[in-house]
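Let me begin by presenting the structure, written as structure tokens, before commenting on it.
Structure representation (structure tokens):
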């Protein structure tokens, strides 16, 4: 049975507000919306920076990205790229860490609320081991502020919240697409978090170790403050929807909620460009640091399956799930879109088995294979060297230690394995037309993960290390050297 186009029926009439658009997923989301899913208008919440307005940041920090190369080239001769994009996307100067986004004029917020019909909330702190206070402000308070804004939007069709599949990482084995109960009552847990933040703010009365131990007790089985605060933000969202279901006449919540729970986000599979990546977070950072010898090893259980998802799959799922939930008109049903990619088509059979992917046409221009830790040690202790060189070696050693400490944040994920159900993800696929299934990358069991990994490494070299001379995209038969990671 063929379906009419749900996407094309919904989005052309919608005005979107997107948070986190300057991030990795955010850029791909904007690119896909502009290319394949025209909308009435796009608002992007962005903090102004020193010397730059929000709109200038949008043009310089977001739309100068390679994610928009194809569109930028296509519109060079139609009044100019900046003119074309400025008609379609408007930056809203604001900060999620401040009440009312730091916007002092209430009429500005009210006008925005009158227009916005879809909210896609991407902004978050993804630093695993940031202090609880910092991740709480970004992931919980920020979410509650965008929710309060949404409550004032009289024509809102759907609120799309980006979470993480690891919100249920305090459980083992198979994880359902449910809101699993917290070990504490939500209100009691919220009060405990506020108390913990107060203790940290008054650390003069308490030792750093005291505060750290109390935080550890509060987190319980959650591996870090990131997963804990993302779980808490989900619980608070659900709290508001449960109240709305019980007392709809007293609630300001008049719109459906959709929550997407991606796993660890990696390079693009097909769009905006194969292998494209713009940061060294998570898997990409670990691969590169191991390959360069900066990170000597990454301890892991080699028999586990790695949880990774292409960034374009996440962006596409945000678009499709938002339309699906809005179209359902059954907002009492909160839909979750989880991840089970690797049960359906493993990233490899194991996290890595002396993971190596052929790189092509020569080694890195600016980096060599001798492990960085060995080089630093020889320079510091064994070879005669000038004082400046020895000081640099000491600094290098310090940097390596910091990298190793950062890598420790991945231990809970490299030693544990979860199977995330994705029944709702399968439902989404069936809502798309055959043509849309070629545009929106949701059917992950069809992905060629080995090819994706090759392009992942190509993307690291091409866009992060800026390796251009003599480099071409991966093609079987042309590979002659290896970009190698041993774990």
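In UniProt numbering, the protein residues as written are 1 to 487. We put the beta carbon where it would ideally sit given N, CA and C, even for glycine. Remember, predicted model here, so these are calculated numbers, not experimental data.
Using only alpha-carbon positions, find the residue among the options that is nearest to residue i.
| i | options | result |
| --- | --- | --- |
| residue 138 | 12, 99, 457 and 420 | 99 |
| residue 6 | 424, 134 and 325 | 325 |
| residue 408 | 194, 442, 286 and 17 | 286 |
| residue 53 | 95, 182 and 270 | 95 |
| residue 238 | 266, 185 and 220 | 185 |
| residue 507 | 249, 10 and 32 | Any answer about residue 507 is impossible in this case: the structure gives the chain only from 1 up to 487. |
| residue 455 | 108, 272, 110 and 116 | 272 |
| residue 154 | 115, 245 and 27 | 115 |
| residue 292 | 465, 301, 453 and 109 | 465 |
| residue 182 | 218, 416 and 158 | 218 |
| residue 129 | 416, 452, 410 and 425 | 410 |
| residue 423 | 414, 417 and 444 | 444 |
| residue 83 | 58, 66 and 67 | 58 |
| residue 270 | 11, 249, 309 and 161 | 309 |
| residue 194 | 133, 305 and 452 | 133 |
| residue 25 | 288, 266, 49 and 64 | 266 |
| residue 405 | 108, 254 and 127 | 127 |
| residue 156 | 254, 412 and 51 | 254 |
| residue 158 | 11, 426, 108 and 427 | 11 |
Return the Cβ separation of residue i and residue j in integer angstroms, given the expectation that the two are a contact with Cβ distance under 8 Å.
| i | j | result |
| --- | --- | --- |
| residue 131 | residue 200 | 7 Å |
| residue 307 | residue 264 | 5 Å |
| residue 85 | residue 284 | At roughly 27 Å, the Cβ-Cβ gap does not stay under 8 Å, so residue 85 and residue 284 are not in contact. |
| residue 125 | residue 62 | No, residue 125 and residue 62 are not in contact; Cβ-Cβ is about 19 Å, not under 8 Å. |
| residue 140 | residue 236 | 7 Å |
| residue 463 | residue 93 | With a Cβ gap of about 28 Å, residue 463 and residue 93 do not count as contacting. |
Please state whether the Cβ-Cβ distance between residue i and residue j is less than 8 Å.
| i | j | result |
| --- | --- | --- |
| residue 44 | residue 74 | no |
| residue 439 | residue 163 | no |
| residue 274 | residue 268 | yes |
| residue 88 | residue 29 | no |
| residue 166 | residue 225 | no |
| residue 419 | residue 174 | yes |
| residue 13 | residue 40 | yes |
| residue 441 | residue 313 | yes |
| residue 72 | residue 101 | no |
| residue 300 | residue 414 | yes |
| residue 176 | residue 421 | yes |
| residue 295 | residue 289 | yes |
Around the Cβ of residue i, are there at least 16 other Cβ atoms within 10 angstroms (buried) or fewer (exposed)?
| i | result |
| --- | --- |
| residue 448 | exposed |
| residue 142 | buried |
| residue 169 | buried |
| residue 112 | buried |
| residue 60 | exposed |
| residue 458 | buried |
| residue 360 | With a pLDDT of 40 at residue 360, under the threshold of 50, the modelled position of this residue cannot be trusted, and the question is left open. |
| residue 450 | exposed |
| residue 504 | Within the shown structure, residues of the chain are numbered from 1 to 487, placing residue 504 beyond reach of any answer. |
| residue 27 | buried |
| residue 77 | exposed |
| residue 110 | exposed |
| residue 104 | exposed |
| residue 135 | buried |
| residue 262 | buried |
| residue 223 | buried |
| residue 250 | exposed |
| residue 467 | buried |
| residue 161 | buried |
| residue 362 | Residue placement at residue 362 is flagged as unreliable, the pLDDT there being 41, under the threshold of 50; a coordinate-derived value is accordingly withheld. |
Flag residue i as yes when its Cβ comes closer than 7 Å to any non-hydrogen atom of the ligand ATP, and as no otherwise.
| i | result |
| --- | --- |
| residue 432 | Absent from the structure shown: the ligand ATP. Ligands present: none. |
Decide if the segment 140-149 is in contact with the segment 210-219; the criterion is three or more beta carbon pairs, one per stretch, under 8 Å apart. no
Take every Cβ of the segment 303-320, pair it with every Cβ of the segment 424-437, and state whether three or more of those distances are shorter than 8 Å. yes
Any contact between the segment 225-235 and the segment 181-190? By contact I mean 3 or more CB pairs, one from each, below 8 Å. yes
Cβ contact check for the segment 12-19 and the segment 109-126: 3 or more pairs under 8 Å: yes
Do the segment 256-265 and the segment 302-318 make contact, defined as three or more Cβ pairs closer than 8 Å? The answer is yes - the segment 302-318 touches the segment 256-265, with three or more Cβ pairs under 8 Å.
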